[in-house]
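Trainee: In full-length UniProt numbering, the protein residues as written are 1 to 371.
We treat Cβ as the ideally placed atom computed from N, Cα and C, and that holds for glycine.
In this text, all values refer to a predicted model and were calculated from it rather than measured experimentally.
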Ligand SMILES: Cc1ncc(COP(=O)(O)O)c(C=O)c1O
């Protein structure tokens, strides 16, 4: 009889997220090519958009000019993996005491409010920080208005706490090409440039890919690194990006269902013909969107089939009636190389960002090209 440990090493629920790290490097290089001569913070917040911050930072270690994160915990994680990289703390410090930690971690620090400014100016000990003053150019989420930036610039310019003094802002609608708010935000940003800033940063993925006038000194690519598109009308392939995560499962059951029978919770889907129904080893507790409607595409044996019935916690069901000889164990792709995550997101009324960041810890990640 096989030992317990050996049995465990053979056991595996048929669901895995395969992450191609060479695709992340390719996509970072695409961002850099879009803005020749610019530097780029690889945005690795939220566990590198669900892909695994350790592996992504390691893959980009010698390539990326810097990394951007949302909070101090994430910054500390990246610093532990990279002694020298510039690490941009996008939301700044939430508590005054965090400024000292930011100094110790040698972070590039966003300052987006008067409280944050006061906390930086009150910090005595420690090396001076690279400060990124955040301009609220029209998104109205974080940042100073134009007068606030001017006042903060005056307060910081010659302060002992400040090394580089930089300007940053963020677009609300860069993913909708030609949106008038984008023009307004860009003009608002450019209006501040009579002030003396060392570095400027404005462009997220959408702006990197389509708005050269917004590139400034530092790009901030996020979603494009992970092989998803920020645009509803431009695919990953059209943008020259490579998909990174492939979420693969298997058929764990196949059954015949008579016309008029229902499938799944709530009996919400009813077979309009005699049907073959496949049950797939992936559910909403794995991060597949529960609200994905019937008809959302799923790949089985390389062919597109529609989701039917409600997504359950650990399983979902698909209509295999038009497939030749489907069988238990057949390969299923929820998204990835064969089916863009953006297409699934669109069908489910959400965005690729949400699907990728919500793949849960239960799903093992398998890394390709991680040397
Ligand atoms: C301030 C900031 N910059 C850059 C990014 C990266 O954006 P994207 O993933 O659209 O490239 C984000 C992501 O939300 C952000 O909040």
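Given this structure, state the Cα-to-Cα distance separating residue 180 from residue 172, to the nearest angstrom.
Mentor: Stepping through the chain shown from its first residue, residue 180 is reached at position 180. Stepping through the chain shown from its first residue, residue 172 is reached at position 172. Looking at the two C-alpha atoms, the distance is approximately 11 Å.
Trainee: DSSP on residue 134, reduced to helix/strand/coil?
Mentor: On the chain shown, residue 134 is found 134 positions in, with the first residue counted as 1. Reduced to three states, the DSSP call for residue 134 is strand.
Trainee: Going by the C-beta, is residue 223 closer than 8 Å to any heavy atom of ligand 1?
Mentor: Here residue 223 refers to the residue found at position 223 of the chain shown. Yes, the Cβ of residue 223 comes within 8 Å of a heavy atom of ligand 1.
Trainee: Could you check whether the Cβ of residue 175 sits closer than 8 Å to any heavy atom belonging to ligand 1?
Mentor: Looking up residue 175 in the chain shown gives position 175. Correct: residue 175 has its Cβ closer than 8 Å to ligand 1.
Trainee: Taking 8 Å as the cut-off, is the beta-carbon of residue 353 closer than that to any non-hydrogen atom of ligand 1?
Mentor: What you label residue 353 is simply residue 353 of the chain shown in a count that begins at 1. Flag set: Cβ of residue 353 near ligand 1.
Trainee: Nearest-angstrom Cα distance between residue 166 and residue 212?
Mentor: Walking along the chain shown from the start, residue 166 turns up at place 166. Walking along the chain shown from the start, residue 212 turns up at place 212. Whole-angstrom Cα-Cα distance: 19 Å.
Trainee: Pick from 201, 294 and 246: whose alpha carbon is nearest that of residue 24?
Mentor: Counted from its first residue, the chain shown places residue 24 at position 24. It is 246 whose Cα lies nearest to the Cα of residue 24.
Trainee: I need the DSSP call for residue 58, collapsed to helix, strand or coil.
Mentor: Translated into positions along the chain shown, residue 58 becomes position 58. Helix at residue 58.
Trainee: Hey, out of 230, 85, 199 and 228, whose CA is closest to residue 215's CA?
Mentor: One-based indexing of the chain shown puts residue 215 at position 215. Closest by alpha carbon: 199.
Trainee: Could you say which of 228, 127 and 201 lies nearest to residue 354 if we only look at CA atoms?
Mentor: By one-based count along the chain shown, residue 354 stands at place 354. That would be 228, whose Cα lies nearest to the Cα of residue 354.
Trainee: For a test of the three-state rule: what should DSSP assign to residue 367, helix, strand or coil?
Mentor: For the purposes of this step, residue 367 is identified with residue 367 of the chain shown, where counting begins at 1. Strand.
Trainee: Would the C-beta of residue 40 count as close to ligand 1, meaning under 8 Å from any of its heavy atoms?
Mentor: Residue 40 sits at position 40 when you count from the first residue of the chain shown. Flag unset: Cβ of residue 40 not near ligand 1.
Trainee: Alpha carbon to alpha carbon, what distance is there between residue 222 and residue 362?
Mentor: Within the chain shown, residue 362 is the residue found at index 362, counting from 1. Within the chain shown, residue 222 is the residue found at index 222, counting from 1. If I take the Cα positions, the gap works out to 24 Å.
Trainee: With a CB to CB cut of under 8 Å and the five nearest residues on each side skipped, what residues in its chain are close to residue 193?
Mentor: Within the chain shown, numbered from 1, the residue matching residue 193 stands at position 193. Closer than 8 Å at Cβ, skipping near neighbours: 167 and 200.
Trainee: Roughly how many angstroms lie between the CA atoms of residue 30 and residue 277, to the nearest whole one?
Mentor: In the chain shown, residue 30 corresponds to position 30, counting from 1. In the chain shown, residue 277 corresponds to position 277, counting from 1. Spanning the two alpha carbons is a distance of roughly 41 Å.
Trainee: If you reduce the DSSP assignment to three classes, tell me which class residue 151 lands in.
Mentor: Residue numbering aside, residue 151 sits at position 151 when the chain shown is read from its first letter. It is helical.
Trainee: Write down the C-beta distance between residue 249 and residue 15 rounded to the nearest angstrom, noting that I regard them as a contact closer than 8 Å.
Mentor: As a working note, residue 249 is residue 249 in the chain shown. As a working note, residue 15 is residue 15 in the chain shown. With 8 Å as the limit, residue 249 and residue 15 qualify as a contact, their Cβ atoms being about 5 Å apart.
Trainee: Are residue 76 and residue 369 touching if we call contact CB-CB under 9 Å?
Mentor: Stepping through the chain shown from its first residue, residue 76 is reached at position 76. Stepping through the chain shown from its first residue, residue 369 is reached at position 369. No, these two residues do not count as a Cβ contact at 9 Å.
Trainee: I want to check one thing, is the minimum distance from the CB of residue 220 to the heavy atoms of ligand 1 below 8 Å?
Mentor: Numbered from 1 along the chain shown, position 220 holds the residue referred to as residue 220. For ligand 1, at least one heavy atom lies less than 8 Å from the Cβ of residue 220.
Trainee: For residue 120 versus residue 74, is the C-beta spacing smaller than 9 Å?
Mentor: Working through the chain shown from its first residue, we reach residue 120 at position 120. Working through the chain shown from its first residue, we reach residue 74 at position 74. For residue 120 and residue 74, no; Cβs fall outside 9 Å.
Trainee: Specify, as a first and last residue, the run of the alpha helix (DSSP H) that residue 184 falls within.
Mentor: In the chain shown, residue 184 corresponds to position 184, counting from 1. Element bounds for residue 184: 180-191.
Trainee: If we ignore side chains and look at the alpha-carbon of each, how far apart do residue 352 and residue 224 end up?
Mentor: Reading the chain shown from its first residue, position 352 is the one you call residue 352. Reading the chain shown from its first residue, position 224 is the one you call residue 224. Each residue's Cα considered, the two are about 10 Å apart.
Trainee: Check whether the Cβ atoms of residue 164 and residue 365 lie closer than 9 Å to each other.
Mentor: As a position in the chain shown, residue 164 is number 164, starting the count at 1. As a position in the chain shown, residue 365 is number 365, starting the count at 1. No, Cβ-Cβ distance for residue 164 and residue 365 is not below 9 Å.
Trainee: With three or more C-beta pairs closer than 8 Å as the rule, is the region 252-270 touching the region 286-293?
Mentor: No, the region 286-293 is not in contact with the region 252-270.
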